[in-house]
Amino acid sequence: MLGLAPGTWESLGGLTNCCWSVLGQGARGWRLLEHNAGTLPEPVLGDDD
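First residue of the sequence shown: 1, per UniProt numbering; consecutive thereafter.
Okay, structure coming up:
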């Protein structure tokens, strides 16, 4: 899960009481970008067709 060791998964337990938690990968690992988000984020479409 997210490249985390199984022994650290319990640290994500506080995120269970919400609609969605949006995580993003940063320079030092995963970051919580949005908590209790009402909807899933829409994909960003660029002009890289």
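Where a beta carbon is used, it is the ideal one built from N, C-alpha and C, also for glycine.
None of the values given here were measured: they were computed from a predicted structure.
In the three-state scheme derived from DSSP, where H, G and I count as helix and E and B as strand, Glu42 is classed as coil. Judged by DSSP secondary structure, Trp30 falls within the beta strand (DSSP E) whose first and last residues are Gly29 to His35. Here the alpha carbons of Gly7 and His35 stand approximately 23 angstroms from one another. Secondary-structure assignment with DSSP links Ser21 through a beta bridge to His35. Beta-bridge analysis with DSSP links Gly14 to no other residue.
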